[in-house]
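Each step along the sequence shown adds one to the number in the numbering used here, with nothing skipped, and position 202 is 186.
Cβ atoms here follow ideal geometry from the backbone N, Cα and C, with glycine treated the same way.
Predicted model only: the values in this text are computed from it and were never measured.
Below: the structure, in structure tokens.
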Amino acid sequence: MPHNVSLISTIAAGLGLALIFGFLAVRLRLPALVGYMLAGVIIGPFTPGFVADAAIAAQLAEIGVMLLMFGVGLHFSLDDLLAVRRVALPGAVVQMAAATGLGMALATWWGWSLGGALVFGLALSVASTVVLLRALEGRDLLESFNGRIAVGWLVVEDLAMVLVLVLLPPMAGLLNGDPAADGAGVWRTLGLTLLQVGLFVALMLVVGRRFFPWLLWQVTRTGSRELFTLCVVAAALGIAYGSSILFGVSFALGAFFAGMVMRESQYSHRAAEESLPLRDAFSVLFFVAVGMLFDPMVLVERPLQVLAVVGVIVVGKSLAAAALVLAFRYPLNTALTVSASLAQIGEFSFILVGLGASLGLLPPEGQSLVLAGALISIAVNPAVFTAVDPLQRWVLARSALARSLERRDDPLSELPATTEEKYLSRQVVLVGYGRVGRRIGAALQARQIPFVVAEQNRELVETLRAQGIAAVFGDAADPAVLIQAHIARARLLVVATPDSLDVRQMIATARALNPGIEAVVRMHNDAEAQLLQRDHTAKVFIEVEELAQAMTQHVLARSTA
């Protein structure tokens, strides 16, 4: 019997081809996103064969945008951003301005309008959070300080792009040179839009952050997993849609704030976990729908323009970011890691070019150029990350300027001359002052045991010194940092950082300078711990094991009481 199955065929073809091409991409050591977008190209209108329903794909993509932004909101941590705000906030703003300027210069040279050039430049300026998180996780860099800077940088970019998505529609007429769009009317519309957004944000922060965690708690009490998942998804989509209808804000902004208010609940981690399969499925459909917009002929007809776009994304943005990080006196490795993190574009770029096209700002070839730049930059991003360490060694071996930047005088990289003698002999050297290190430091302070902190966060080192705590800035894997912490005369080395990649180097340096020093190390898994204990006779604490022992002792004590 005949049925209208365009929805089913679009989902089936999209997910099926995304699975095939995503699998092939991963086997070729490329991000799966490349495969998803290629699947969209195959079922898009610009290639022969089956063509999916573009209107349905666009609506599925909208759901994907909502759930993607909901996930970003769930993982948005103001504390993490504040920890790196001095480099991430100004760095992201200046880097976005530089990349936008480069993109606008290209578009103006090609004869585009001001509005089209602005949308094009902004689309090239913002990197993909999804690509970055997966790249950092695959290299165990997510919890490292370099990883936190990169994530904080992208959080600032995401927030800036949310603001752009809000402001672009009321500004479209003016940017497009519409004679009917008088300046006064545009500013009134802009003011009304900002007022509506402000009301929505205030409502979510004042009412939403209390109501929705309470609602999540009430649903949790029923014990129904299905109701819990339904509550999370309904809140994400309901807030996104309701905010659009009532306040005129974008689906993306509504979903982002839905995730933010859900984060206030003690069940936010469960909410993220329960909604993950649905978010993954619809985010795949989002990238498939984006691929359907891509015309492969742009690679043949406009190869030089595509090359210029890729150059702005991979080279221009990276150089701007590296210069900014070095200007903030961070080491070359941090600059190269942040640069590699930003050498691609993704989901926000797609949302922006779609909005720009719908507003009549961006010419049709603009979408294809941005999508071509995204495909190529995402595909080469793993190679860019892999090149970080070899490039650092090559630059340091051949550039006197790079070596001088690594060795430049920095008042935070050594203890002040006025440091008391108790911090220079028989002290504890504490590497890392995060959640674990902070608790260890507080316990040492309470018992008046002197310690010196070695930390990669400049802002944190400044704060610690203001509090009267001895601290040096730098990576403890660098022997110079441990020397400045006076490891040669220390009684104990405590490595409290979650980044375990350079622990062996830290211990080797400490033992070379102080053969009798005892090392205490935090580890994530048994294999690393056994290897470290065998090679370095360090006292290793495995997080999961220590938690299990503490819980077991408590349970046994309560059971026998």
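query	result
Please report the straight-line C-alpha distance between V146 and L106, rounded to a whole angstrom.	12 Å
Using DSSP bridges, identify the partner residues of M507.	I526
Could you check which residue in R473, R449, S325 has the C-alpha nearest to that of R123?	S325
Pick out whichever of K406, F240, A532, V322 has its Cα sitting closest to the Cα of L51.	F240
Roughly how many angstroms lie between the CA atoms of M(-15) and D37, to the nearest whole one?	Residue placement at M(-15) is poorly supported in this model, since its pLDDT is 42, which falls under 50; the coordinates still yield a value, given next. Distance between the alpha carbons of M(-15) and D37: 21 Å.
Straight-line CA distance for L385 to G136?	28 Å
Determine the DSSP secondary structure at L262, reduced to helix, strand or coil.	helix
By DSSP, does V35 sit in helix, in strand, or in coil?	coil
What is the DSSP secondary structure of E210, counted as helix, strand or coil?	helix
Would you call the region 20 to 38 and the region 269 to 281 touching, i.e. three or more CB-CB distances under 8 Å?	yes
Flag this pair as yes or no: are the beta carbons of R209 and G55 separated by less than 7 Å?	no
Would you say V216 and A255 are within 7 Å of each other, going by their C-beta atoms?	yes
Does the beta-carbon distance from L269 to G48 come in below 7 Å?	yes
Closest to K301 by CA distance: which of Q180, E446, Q79 is it?	Q79
For a test of the three-state rule: what should DSSP assign to L12, helix, strand or coil?	coil
Just tell me which of G182, S97, R247 has its CA closest to the CA of G57.	R247
Let me know if L200 comes out buried or exposed under the rule of 16 or more other beta-carbons within 10 Å of its beta-carbon.	buried
Would you say A496 touches the ligand NAD, meaning its beta carbon is less than 6 Å from a heavy atom?	This structure simply doesn't include the ligand NAD, nor any ligand for that matter.
Excluding the 5 residues flanking E258 on each side, which residues of the same chain have their C-beta closer than 8 Å to its C-beta?	R209, F212, T213, V216
Assuming V412 is part of the beta strand (DSSP E), what are its boundary residues?	412 to 415
Quick check: what's the CA-CA separation for H538 versus T544?	10 Å
Which value, in whole angstroms, describes the spacing of the CA atoms of L288 and L102?	20 Å
When burial is assigned at 16 or more other CB atoms within 10 Å of the CB, is T206 buried or exposed?	exposed
By alpha-carbon positions, which one of I229, L221, M244 ends up nearest to V191?	M244
What does a CB cutoff of less than 8 Å around L414 pick up in its chain, not counting 5 residues either side in sequence?	G421, I424, G425, L428, F435, V436, V437, A438, V478, A480
Beta-carbon separation of D505 and A492 under 7 Å?	For clarity, residue 505 is Val in the given sequence; the question names Asp instead. In this structure, A492 does not lie closer than 7 Å to V505 by Cβ.
In whole angstroms, what separates the C-alpha of L345 from that of L353?	15 Å
Using the three-state DSSP reduction, which class does F30 fall into: helix, strand or coil?	coil
Taking Cβ positions, are A134 and V322 nearer each other than 7 Å?	yes
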